[in-house]
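A.B. asks: Just so you know, the protein sequences line up as chains A and B, in that order. Numbering that gives the first Met the number 0 puts the first residue of the first sequence at 0, with every later residue one more than the last. Numbering that gives the first Met the number 0 puts the first residue of the second sequence at 0, with every later residue one more than the last. Note that CB positions come from ideal geometry on N, CA and C, so glycine has one too. Structure in structure tokens, see below.
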Amino acid sequence: MTDLQTAPPVSPRQSMSLTGATLPRLAPVLAAVIAAGVGALAAVIGGVGWVAAAFVAWLVLVVGLPLWSSAVEGGRKARDRVATLLVWSAFGLAMIPLVSLVWTVLSKGIGILSGQFLTYSMRGVLGEGGGIYHAIMGTLVITALATVISVPIGVLTAVYLVEYGKSSTLARVITFLVDVMTGIPSIVAGLFAYALFALFFGPGVRMGLGGAVALSVLMVPIVVRATEEMLKLVPDELREAAYALGVPKWRTITKVVLPTAVSGIVTGVTLAVARVAGETAPLLIIAGLTTSTNLDPFSDRMATLPVFIFYSITEPGLYVDEMTDYAWGAALVLVAIVMLLNVVARVVGGLFAPKTGR
Amino acid sequence: MSVTQPPVVDREESTGRFGDLVFAGISRGSAILIMLALAGVAVFLLQQGLPALGHHGDSTYGKDSIWGFVWPLLFGTLLASVIAMLVAAPLAIGVALIISHYAPRPIAKVMGWLIDLLAAIPSVVYGLWGIQFLALNMVPVYQWLEDHAGWIPFFEGPVPNSGRTMFTAGLVLAVMALPIITAICREVFAQTPKMHQEAALALGATRWEMIRLAVFPYARSGMVSAVLLGLGRALGETMAVAMVLAPTLLVSFNLITAEKGSSTIAANIALNFGNASGSKIETLIFSGLVLFVITFAVNFLGRAIAARGRKG
Numbered sequence: 000m001t002d003l004q005t006a007p008p009v010s011p012r013q014s015m016s017l018t019g020a021t022l023p024r025l026a027p028v029l030a031a032v033i034a035a036g037v038g039a040l041a042a043v044i045g046g047v048g049w050v051a052a053a054f055v056a057w058l059v060l061v062v063g064l065p066l067w068s069s070a071v072e073g074g075r076k077a078r079d080r081v082a083t084l085l086v087w088s089a090f091g092l093a094m095i096p097l098v099s100l101v102w103t104v105l106s107k108g109i110g111i112l113s114g115q116f117l118t119y120s121m122r123g124v125l126g127e128g129g130g131i132y133h134a135i136m137g138t139l140v141i142t143a144l145a146t147v148i149s150v151p152i153g154v155l156t157a158v159y160l161v162e163y164g165k166s167s168t169l170a171r172v173i174t175f176l177v178d179v180m181t182g183i184p185s186i187v188a189g190l191f192a193y194a195l196f197a198l199f200f201g202p203g204v205r206m207g208l209g210g211a212v213a214l215s216v217l218m219v220p221i222v223v224r225a226t227e228e229m230l231k232l233v234p235d236e237l238r239e240a241a242y243a244l245g246v247p248k249w250r251t252i253t254k255v256v257l258p259t260a261v262s263g264i265v266t267g268v269t270l271a272v273a274r275v276a277g278e279t280a281p282l283l284i285i286a287g288l289t290t291s292t293n294l295d296p297f298s299d300r301m302a303t304l305p306v307f308i309f310y311s312i313t314e315p316g317l318y319v320d321e322m323t324d325y326a327w328g329a330a331l332v333l334v335a336i337v338m339l340l341n342v343v344a345r346v347v348g349g350l351f352a353p354k355t356g357r
Numbered sequence: 000m001s002v003t004q005p006p007v008v009d010r011e012e013s014t015g016r017f018g019d020l021v022f023a024g025i026s027r028g029s030a031i032l033i034m035l036a037l038a039g040v041a042v043f044l045l046q047q048g049l050p051a052l053g054h055h056g057d058s059t060y061g062k063d064s065i066w067g068f069v070w071p072l073l074f075g076t077l078l079a080s081v082i083a084m085l086v087a088a089p090l091a092i093g094v095a096l097i098i099s100h101y102a103p104r105p106i107a108k109v110m111g112w113l114i115d116l117l118a119a120i121p122s123v124v125y126g127l128w129g130i131q132f133l134a135l136n137m138v139p140v141y142q143w144l145e146d147h148a149g150w151i152p153f154f155e156g157p158v159p160n161s162g163r164t165m166f167t168a169g170l171v172l173a174v175m176a177l178p179i180i181t182a183i184c185r186e187v188f189a190q191t192p193k194m195h196q197e198a199a200l201a202l203g204a205t206r207w208e209m210i211r212l213a214v215f216p217y218a219r220s221g222m223v224s225a226v227l228l229g230l231g232r233a234l235g236e237t238m239a240v241a242m243v244l245a246p247t248l249l250v251s252f253n254l255i256t257a258e259k260g261s262s263t264i265a266a267n268i269a270l271n272f273g274n275a276s277g278s279k280i281e282t283l284i285f286s287g288l289v290l291f292v293i294t295f296a297v298n299f300l301g302r303a304i305a306a307r308g309r310k311g
């Protein structure tokens with residue numbers, strides 16, 4: 000016992016250690032446990048709420064561990080520990096809303112889901128009953144139309160930029176404009192579609208096709224970007240081999256370059272579809288909302304999931320509780336669709352990973 | 000070995016040429032179509048929006064001039080976005096650092112994947128969560144702020160029971176922008192040359208010193224452009240704000256009140272477009288034009304900084 004107490008003052012002189020003093024490996028865990036204990040104590044004795052208690056615990060940890068560290072290890076190590084703690088705190092703080100979002104959507108949406116909810120429309124429904132079939136179909140129709148419009152334009156533009164344009168002035172202008180398009184606020188795309196269709200069909204026009212056009216404005220730049228990246232990954236040797244065999248350029252592109260890049264392009268397109276399927280603002284303006292199922296995008300209002308969610312919350316009418324439940328159910332369905340598309344995109348991208356290696 | 004004959008143009012080759020012409024024409028055509036579409040966006044918005052310059056009175060929702068209408072909304076848009084960036088940027092950089100440098104490899108990979116998925120969640124769902132969950136849970140915090148910091152103009156109150164305030168809107172925007180900023184920052188951090196990092200560590204730097212000396216200087220322009228792109232997203236974001244905030248036309252720094260707070264351009268369009276007609280539509284389209292110009296400027300700045308960083 001006396002040995003242990005007298006040893007430390009002597010040792011620095013006698014033996015020059017190559018390593019500095021360090022806290023034990025479990026020091027952060029120990030500090031966290033102590034901090035949690037202090038927090039719990041504050042909650043029990045001080046009677047503060049659990050949020051405040053967590054804050055107290057966090058404060059004890061962020062101040063305490065570095066102080067301990069600076070006493071044993073010195074200032075630089077202590078600063079490193081402060082940084083590590085702060086970075087992890089930022090991470091934890093950021094995860095709270097994200098986890099809470101996913102959890103709220105799941106827990107509130109799952110209760111309303113049923114066969115009826117998915118296969119009935121809201122036509123003539125007040126309060127109980129009805130479903131979101133009309134909105135699901137509207138979202139599918141409008142998104143499919145937008146895909147049909149934007150994929151050919153987007154892919155061909157990317158082909159032009161990579162294969163034909165190279166560094167011509169036109170190609171540079173187009174690249175710049177595609178950049179501009181990625182930044183168009185979604186509501187502005189909706190205003191554009193409205194202004195365009197109002198020219199032909201008069202003011203107050205509402206139709207599904209307009210929604211598809213607005214979504215295309217948002218979708219084309221994403222498709223162009225993704226395809227461009229993929230086409231650039233196709234090795235030049237493949238093109239040169241095709242040219243050497245006397246294959247004309249357009250056959251080279253359609254038979255060699257595009258098939259090589261197809262998995263990446265499909266991934267990019269699927270991600271773009273997932274992105275626009277959840278767009279609300281343009282559809283709010285040009286597609287509107289209706290309670291019955293409308294499968295004809297060329298006439299009349301068309302309900303979509305995002306717009307349905309929006310109006311269920313902002314204008315629920317008399318049946319606030321029911322409409323709120325419906326909104327959560329629709330949100331869960333919408334998130335499920337988007338997530339499914341994302342997973343599909345990743346699986347496709349992983350299965351046919353770009354064949355650029357040799 | 001003899002005199003080379005001029006090549007005979009055979010049938011197949013000429014078909015190839017023709018196909019080439021057609022295909023090149025189609026692809027160039029679709030590229031030009033994009034140009035026309037964008038020109039179309041500009042022309043239609045100008046044509047429908049510019050008449051609003053002369054509007055006043057009823058068609059500008061009771062304001063003296065179009066600027067009296069646009070300015071409060073512009074102010075609200077900027078305020079909400081700035082709050083969002085102040086909250087989101089440090090957190091996003093923290094999360095990106097965790098994924099690129101702190102967490103063990105396999106966990107980091109899964110987390111990166113999750114963050115990408117979160118970036119894909121539709122904004123209307125964020126709005127729904129904001130109004131039904133976040134706003135209600137923020138009320139005690141606002142109450143505390145009003146009681147203890149009410150002398151600061153930001154926290155004057157009165158606090159609404161619904162919690163639907165400018166600060167809530169900013170928080171929702173922050174949560175939305177977080178995955179986007181994180182994704183870009185993560186990529187930039189991961190691209191830092193391994194040699195720089197290992198050199199710093201070999202000289203005895205702690206992990207934090209390594210990040211400060213090797214990673215941050217390399218990633219600075221990438222981080223700035225990530226925040227600017229996130230800001231561009233937040234500025235144009237409509238639904239989340241439209242669901243949280245009531246439409247007002249006030250210039251107010253008061254962050255925790257409903258009636259005396261500001262609103263944003265995009266949200267105002269979404270909330271008023273359904274009931275608008277005639278000259279009011281022109282007014283709303285003009286405000287959309289202003290929003291377009293601002294987001295364009297922010298995005299352009301972000302890309303310019305990113306491009307400069309790539310060269311340097």
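Could you run through the region 78-89 of chain A and flag, in chain order, every residue whose CB is less than 9 Å away from some CB of chain B?
C.D. replies: Answer in chain order: Arg78, Asp79, Arg80, Val81, Ala82, Thr83, Leu85, Val86, Trp87, Ser88, Ala89.
A.B. asks: Quick one: what does DSSP say Gly56(B) is sitting in, helix, strand or coil?
C.D. replies: Note: Gly56(B) maps to strand in three-state DSSP.
A.B. asks: Taking contact to mean 3 or more Cβ pairs, one atom from each stretch, closer than 8 Å, check whether the region 160-177 of chain B and the region 135-147 of chain A are in contact.
C.D. replies: No, the region 160-177 of chain B does not touch the region 135-147 of chain A.
A.B. asks: Beta-carbon of Thr18(A) versus every beta-carbon of chain B: anything under 9 Å?
C.D. replies: So no, Thr18(A) is outside the interface.
A.B. asks: In three-state DSSP terms, what is Lys313(B)?
C.D. replies: Missing from the structure shown is residue 313(B); chain B here goes from 0 to 311 and no further.
A.B. asks: Ignore the nearest five residues each way along the sequence and tell me which others in Ile141(A)'s own chain have a CB closer than 8 Å to its CB.
C.D. replies: Result list for Ile141(A): Gly207, Gly210, Ala211, Leu214, Leu282, Ala286, Pro296, Met301, Thr303, in chain order.
A.B. asks: Applying a beta-carbon distance threshold of less than 7 Å, which residues of chain B neighbour Asp235(A)?
C.D. replies: Result: empty, since nearest Cβ-Cβ is about 18 Å, beyond 7 Å.
A.B. asks: Please report the residue range of the alpha helix (DSSP H) in which Pro178(B) lies.
C.D. replies: Here the alpha helix (DSSP H) through Pro178(B) covers 165-190.
A.B. asks: Counting pairs of Cβ atoms below 8 Å between the region 263-270 of chain B and the region 76-90 of chain B, do you hit three or more?
C.D. replies: The region 263-270 of chain B vs the region 76-90 of chain B: in contact.
A.B. asks: In terms of residue numbering, what span does the alpha helix (DSSP H) encompassing Phe309(A) cover?
C.D. replies: Where Phe309(A) is concerned, the enclosing alpha helix (DSSP H) stretches over 304-313.
A.B. asks: At a Cβ cut of 8 Å, what residues of the region 56-69 of chain B count as close to chain A, listed as they run along the chain?
C.D. replies: Under the 8 Å Cβ criterion, the region 56-69 of chain B contributes no residue.
A.B. asks: Quick check: Ile210(B) and Ala95(B), are their CB atoms within less than 9 Å of each other?
C.D. replies: No, they are not a contact pair.
A.B. asks: Give the DSSP-derived three-state secondary structure of Asp299(A) in the structure shown.
C.D. replies: Coil, per DSSP.
A.B. asks: Can you tell me the Cα-Cα spacing of Met34(B) and Ala344(A), whole angstroms?
C.D. replies: So the two alpha carbons sit approximately 28 Å from each other.
A.B. asks: Give the straight-line distance between the Cα atoms of Gly48(B) and Ile336(A), rounded to the nearest whole angstrom.
C.D. replies: So the alpha carbons of these two residues sit roughly 36 Å apart.
A.B. asks: Okay, do the region 185-202 of chain B and the region 49-68 of chain B touch, 3+ Cβ pairs below 8 Å being the bar?
C.D. replies: The region 185-202 of chain B is not in contact with the region 49-68 of chain B.
A.B. asks: If we count the other Cβ atoms within 10 Å of its Cβ and call it buried at 16 or more, is Glu11(B) buried or exposed?
C.D. replies: Caution applies to Glu11(B), whose pLDDT of 48 falls short of 50 and renders its modelled position unreliable; the value that the coordinates give is listed next. That one is exposed.
A.B. asks: In its own chain, which residues sit with a C-beta less than 8 Å from the C-beta of Gly231(B), not counting the 5 before and 5 after it?
C.D. replies: Here the set comprises Thr294, Val297, Asn298, Gly301.
A.B. asks: Return the chain-ordered list of same chain residues with a C-beta closer than 6 Å to the C-beta of Ala88(B), the five sequence neighbours on each side being excluded.
C.D. replies: Cβ within range, chain order: Val226.
A.B. asks: Taking the alpha-carbon positions, what's the Thr174(A) to Met218(A) distance?
C.D. replies: Using only the alpha carbons, I get a separation of about 15 Å.
A.B. asks: Using three-state DSSP, classify Leu22(A) as helix, strand or coil.
C.D. replies: Three-state DSSP puts Leu22(A) in coil, outside helix and strand.
A.B. asks: What are the residues in the region 25-36 of chain B lying within 9 Å of chain A by C-beta distance?
C.D. replies: Answer in chain order: Ile25, Ser26, Arg27, Gly28, Ser29, Ala30, Ile31, Leu32, Ile33, Met34, Ala36.
A.B. asks: How about Val21(B): is its C-beta nearer than 9 Å to some C-beta of chain A?
C.D. replies: Yes, Val21(B) counts as interfacial toward chain A.
A.B. asks: Taking the alpha helix (DSSP H) that Leu200(B) falls in, what are its first and last residues?
C.D. replies: Here the alpha helix (DSSP H) through Leu200(B) covers 193-201.
A.B. asks: Interface residues of chain A around Arg302(B) at Cβ under 8 Å?
C.D. replies: Within 8 Å Cβ-Cβ: Asp178.
A.B. asks: What are the boundary residues of the alpha helix (DSSP H) that Trp249(A) is part of?
C.D. replies: It spans 248-251 - the alpha helix (DSSP H) in which Trp249(A) sits, taken as one unbroken run.
A.B. asks: Please report the Cβ distance between Phe309(A) and Met242(B), rounded to the nearest whole angstrom; I am assuming they are in contact, meaning their Cβ atoms lie under 8 Å.
C.D. replies: With 8 Å as the limit, Phe309(A) and Met242(B) qualify as a contact, their Cβ atoms being about 7 Å apart.
A.B. asks: Val69(B) to Ala218(B), Cα distance in whole Å?
C.D. replies: About 37 Å.
A.B. asks: Can you have a look at Gly75(B) and say buried or exposed, based on whether 16 or more other CB atoms are within 10 angstroms of its CB?
C.D. replies: Flag for Gly75(B) reads buried.
A.B. asks: Does Arg75(A) get closer than 9 Å to chain B when you measure Cβ to Cβ?
C.D. replies: Judged by the 9 Å Cβ criterion, Arg75(A) is in contact with chain B.
A.B. asks: Helix, strand or coil for Ile131(A)? Go by DSSP, reduced to three states.
C.D. replies: Here Ile131(A) sits in coil by DSSP.
A.B. asks: Would Ala306(B) be called buried (16 or more neighbouring beta carbons within 10 Å of its own) or exposed?
C.D. replies: Exposed, by the Cβ-count rule.
A.B. asks: Closest Cβ-Cβ distance between Thr294(B) and chain A: below 9 Å?
C.D. replies: Chain A contact via Cβ: present.
A.B. asks: Report the residues of the region 235-262 of chain B with a CB closer than 8 Å to any CB of chain A, ordered along the chain.
C.D. replies: Of all residues in the region 235-262 of chain B, Gly235, Glu236, Thr237, Met238, Ala241, Met242 have a Cβ within less than 8 Å of some Cβ in chain A.
A.B. asks: Please list, in chain order, the chain B residues whose beta carbon lies closer than 9 Å to that of Phe309(A).
C.D. replies: In chain order: Val123, Gly126, Leu127, Met238, Ala241, Met242, Ala269.
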